[in-house]
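Written out below as structure tokens is the structure these notes cover.
Residue numbers (the working numbering): 424 to 899.
And the structure:
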């Protein structure tokens, strides 16, 4: 039999070099892949599937990666947008696993044995461990940390009057913010427990950078700039740069008081929903922060119905003092005898919700935080009443859900896909049958050749008899 041309071809040699990192030609006495290499090929295929699945997870998590950035900021103390790094790393992993798997498949088509280099084996194991650790960490942190409610517009610094104005320009109906109480009892807008990320506290009060935000007095808070950071490090990857007037407006933003925000929202016909954060234990208003905030709302003179009250602390007292204020509940169970009319939940709770039943009970559902069109489309089709978003300028442009397909078009696509799948299966079976028939014909020709070779000595052994007969005839 002739040698397999795979080992002798230039392409097969190049593939072998890339896969095994051996720059010698494939040995002629090794044409089969051993069992150990088959196991490594299985691990390679598993790595490819894991990296591909992790890429899908990362693309989905881009909607919530701002929360991950905040989680690292709280533990690390330095703000950084990790979106480009995540996409780059996972893209490299998927590309590496895909190319290695493609090399292995091409090697088998060329008749080459598989011999994975040790460096590739180590990298495959590291990728598997990295992806597994990422999935476990995601599962743990998803339950513990990443359900915080916040709104940080891409067009303005978060928790500022500029962000409220941009929200009104986007056509939104509710502005969501975060409220703390200062050391002298003034409710103000702030999300972080420390002021280092969104203010210039490091330059104004360098010895108090690690102090709690509520430990500052209102006089001290008014000295801080709350917008310059937004121009230096954009919180959202890919956000558009601000124009000249907007840049000047952002540079001049200060920490606003809750009363200022309420009056500005009333002028722009916006409702306000805020998450009220409890001060530290040594704070003067640790036990009375709810009442202090409620007094500020009532004394501001804005209509009570304009305020959507989210905090659960002292809710009964708040309802008694402000009966027209709309009560928003942040969880499904554990309510009082009164049936809630508004729910504000993370979008991850969607599978737990019966939207139709809630609507029948006149309950409105708002889900947060939704930044991507695909997720907004999913919630739209599910019947959710409203969403909290950081990217209202993008979502307001949507007139219908993405990937909206008419039933007839979907049925046609389904039929065509099934027909193509059936044809591919038939073609595969036919190709396999033709290969089996070709192999059977080759075996038959081989056996016929063997029979011819084995019958040749018999014909030669008869030759002396014929000669002897001829000589006998001549002698006779």
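All C-beta atoms in this analysis are idealised placements derived from N, C-alpha and C, irrespective of residue type, glycine included.
Would you decide whether residue 442 is buried or exposed? Buried here means 16 or more other CB atoms lie within 10 Å of its CB.
buried
Please check the pair residue 750 and residue 763, which I expect to be a contact at CB under 8 angstroms, by giving their CB distance rounded to whole angstroms.
Confirmed, about 7 angstroms.
Within the same chain, show all residues whose beta-carbon is closer than 8 angstroms to that of residue 682, passing over the 5 residues directly before and after it, in chain order.
610, 719, 722 and 723
Exposure label - residue 830; buried when at least 16 CB within 10 Å
exposed
Please determine, among 802, 494, 599 and 847, the residue with the shortest C-alpha to C-alpha distance to residue 616.
494
Is the beta carbon of residue 580 less than 7 angstroms from the beta carbon of residue 688?
Taking 7 angstroms as the Cβ cut-off, residue 580 and residue 688 do not qualify as a contacting pair.
Collapsed DSSP secondary structure at residue 443 in the structure displayed
helix
What residue from 625, 628, 613 and 646 has the CA that sits closest to residue 636's CA?
613
Could you tell me the alpha carbon to alpha carbon distance between residue 790 and residue 770, rounded to whole angstroms?
5 angstroms
How many angstroms separate the CA atom of residue 900 from the CA atom of residue 807?
Since the first residue shown for the chain is 424 and the last is 899, residue 900 is missing from the structure and cannot be characterised.
Using only the alpha-carbon positions, how far apart do residue 440 and residue 802 sit?
Rounded to whole angstroms, residue 440 to residue 802 spans 50 angstroms at the Cα level.
I'd like to know if the segment 453–473 and the segment 771–786 are in contact, where contact means that at least 3 CB-CB pairs between them fall below 8 angstroms.
no
Cα-Cα separation, residue 730 to residue 489:
27 angstroms
Give me, in chain order, the residues of the same chain whose beta-carbon lies closer than 8 angstroms to that of residue 768; leave out the 5 immediate sequence neighbours on both sides.
753, 754, 755, 776, 788, 789, 790 and 791
Can you give the Cα-Cα distance for residue 711 and residue 704, rounded to whole angstroms?
11 angstroms
Beta-carbon proximity check, residue 520 vs residue 470, cutoff 7 angstroms
yes
Report back the beta-carbon spacing between residue 600 and residue 472 to the nearest angstrom; my notes put them in contact at under 8 angstroms.
The beta-carbon separation of residue 600 and residue 472, rounded to 43 angstroms, does not stay under the 8 angstroms limit for a contact.
Of all the options 597, 618, 740 and 827, which has the alpha carbon lying nearest to the alpha carbon of residue 605?
618
For residue 903, which residues does DSSP report across the bridge?
Because the chain in this structure spans residues 424 to 899, residue 903 falls outside the shown range and cannot be described.
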